[in-house]
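J.:
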Amino acid sequence: MKTNQSLTVPPFMVFFLIHSMQVGVGVLGFQRVIAKSGGYQSWIAVLFTGLLIHLVVYFMYKILDGEKDIAHVHEKLFGKWLGSLLNIVFMLYYAALAFTVLRTYTEVIQIWVFPDLPTWTFTITMLLLMYLAIVNGFRIVTGVCFLGVVLPMPLLLTTLPLFEFAEFRYLRPLFDTTIREQLMATKDMTLSVLGPELLLIFYPFIRNAAKSQRYAHYAVLYTTFIYLIATISAFVYFSEEQMDITIWPTLSSWKVLELPFIERFEYIGISAWLIVILPNITVGLWASSRIGKRVFSMKHRHTLIISILIVFIASILLETRDQINQLNSIVSIVGLYVLYVYIPFLLVWKWIVGRLRLSP
Numbered sequence: 244m245k246t247n248q249s250l251t252v253p254p255f256m257v258f259f260l261i262h263s264m265q266v267g268v269g270v271l272g273f274q275r276v277i278a279k280s281g282g283y284q285s286w287i288a289v290l291f292t293g294l295l296i297h298l299v300v301y302f303m304y305k306i307l308d309g310e311k312d313i314a315h316v317h318e319k320l321f322g323k324w325l326g327s328l329l330n331i332v333f334m335l336y337y338a339a340l341a342f343t344v345l346r347t348y349t350e351v352i353q354i355w356v357f358p359d360l361p362t363w364t365f366t367i368t369m370l371l372l373m374y375l376a377i378v379n380g381f382r383i384v385t386g387v388c389f390l391g392v393v394l395p396m397p398l399l400l401t402t403l404p405l406f407e408f409a410e411f412r413y414l415r416p417l418f419d420t421t422i423r424e425q426l427m428a429t430k431d432m433t434l435s436v437l438g439p440e441l442l443l444i445f446y447p448f449i450r451n452a453a454k455s456q457r458y459a460h461y462a463v464l465y466t467t468f469i470y471l472i473a474t475i476s477a478f479v480y481f482s483e484e485q486m487d488i489t490i491w492p493t494l495s496s497w498k499v500l501e502l503p504f505i506e507r508f509e510y511i512g513i514s515a516w517l518i519v520i521l522p523n524i525t526v527g528l529w530a531s532s533r534i535g536k537r538v539f540s541m542k543h544r545h546t547l548i549i550s551i552l553i554v555f556i557a558s559i560l561l562e563t564r565d566q567i568n569q570l571n572s573i574v575s576i577v578g579l580y581v582l583y584v585y586i587p588f589l590l591v592w593k594w595i596v597g598r599l600r601l602s603p
């Protein structure tokens, strides 16, 4: 059954859907993580990651060619029972993406702005906002993504003051690195660039979806550009010794900004970043509940409430920095396998099954 055209969005909106999912809390602190693995040459890993994501996007469009979404593909290629099991895995994975962003951003708020803020109050407020957006349909969800890309664009200008104090010698000697170091940095970059795989579930809601592929690649290109700028600006501002003890390089760099009417710009930046992370949570919960609707034959509203309750309870249970770090590590590893192992495997398996069905 085809998706009602009144519920779909134009192909160019894929740019906002994918880019808004790739840029989130990871931008605030990924530089330190990749520098530990690849040193100050890990800007190479940023470019390599961008190329890999372009390849993954190409694979996903091949998988979805002539199909509805990942849930339909699973049941078609693996049968009802195994397909449903894989759909449940993806349902939990998408919910985990939303949960990771929400809990990590809550931690940023608690560390930098409101140390005494109870986790449950902020979490439940955010989840209620997500609920209101999602129950009003995918077009509203897409609107959240659009605003999450357009409104924070001025924050890109906050990297410019860093170059006034830039020490480009920190980047030298160029290419003084190994392939292994850059591959490790690429692996550590995974958590920050997760999100394009949401295409696997919102594909049917794109009008003339096959024509949207170029916009998906534009989104990945723009995301790579932003991460590259964030990487280089941080690397030329912080020495390697400073970077090693700076947990949130992007946030710390905002302290450089001096405006006559704002004494602490990082507070403004953190507040504005709420607009950036809203799409991460909204689309993740929408996708999770959408798969739940298909697997359990329930109303979308009901599966959404269940997803929200799971995320809320999990948010309360995670209290320490170590627990949040462990969450990020687990989701990063799972995302690594989803992007670079499972999606290529699914494409190959679809080709094999197609050949077998065509053979006499």
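Be aware that the sequence shown starts at 244, since it is given in this note's numbering, and climbs by one per residue.
All residues carry an ideal CB built from backbone N, CA and C; glycine is no exception.
1. How about the region 444-457 and the region 465-474: do they share at least three Cβ pairs that are nearer than 8 Å?
2. Tell me, please, which residues DSSP counts as bridged to Leu605.
3. Rounded to whole angstroms, how far is the Cβ of Tyr337 from the Cβ of Ser531, which I believe are closer than 8 Å?
4. What are the boundary residues of the alpha helix (DSSP H) that includes Pro492?
5. Here's the rule I'm using: 16 or more other beta-carbon atoms within 10 Å means buried, otherwise exposed. How should Met486 be labelled?
6. Taking Cβ to Cβ, would you say Val268 is nearer than 8 Å to Val351?
7. Considering only the alpha carbon of each residue, which of Val300, Val332, Gly527 lies closest to Val577?
8. In the structure shown, what three-state DSSP assignment does Met244 receive?
9. To the nearest angstrom, how far is it from the Cα of Gly386 to the Cα of Tyr374?
10. So the candidates are Arg423, Phe259, Val266; which of them puts its Cα closest to the Cα of Leu434?
11. Secondary structure at Ile469, three-state DSSP: helix, strand or coil?
12. With distances taken between CB atoms, is the gap from Lys305 to Leu590 smaller than 8 Å?
13. How should Trp363 be labelled, buried or exposed, when 16 other C-beta atoms within 10 angstroms of its C-beta is the threshold for buried?
14. Could you tell me which residues DSSP pairs with Ile449 in its beta bridges?
15. With DSSP collapsed to three states, give me the class of Gly309.
16. Quick one: any contact between the region 323-332 and the region 519-526, if contact means 3 or more CB pairs under 8 Å?
17. Within its chain, find whatever has a CB closer than 7 Å to the CB of His262; leave out the 5 residues flanking it on each side and keep chain order.
18. Using the Cα positions of Ala376 and Tyr480, report the straight-line distance between them to the nearest angstrom.
19. Does DSSP put Thr349 in a helix, a strand or coil?
20. Do you know offhand how far Met244's Cα is from Val584's?
21. For Lys542 and Trp529, what's the separation of their Cα atoms in angstroms?
T.: Once the coordinates are examined:
1. no
2. With the chain represented from 244 up to 603, any question about residue 605 goes unanswered, as that position is not in the structure.
3. 4 Å
4. 492-496
5. buried
6. For Val268 and Val351, yes; Cβs fall inside 8 Å.
7. Val332
8. Interpretation of Met244 is limited by its pLDDT of 48, a score under 50 that renders its predicted location unreliable; no figure is taken from the coordinates.
9. One C-alpha to the other measures close to 14 Å.
10. Residue Val266 is the option with its Cα nearest to Leu434.
11. helix
12. yes
13. exposed
14. Val252
15. coil
16. no
17. Val392, Ala462, Tyr465, Thr466
18. 39 Å
19. helix
20. Only weak support is given to the placement of Met244: the predicted model assigns it a pLDDT of 48, under 50, and the value that follows is read from those uncertain coordinates. Met244 and Val584: Cα-Cα distance of roughly 30 Å.
21. 13 Å
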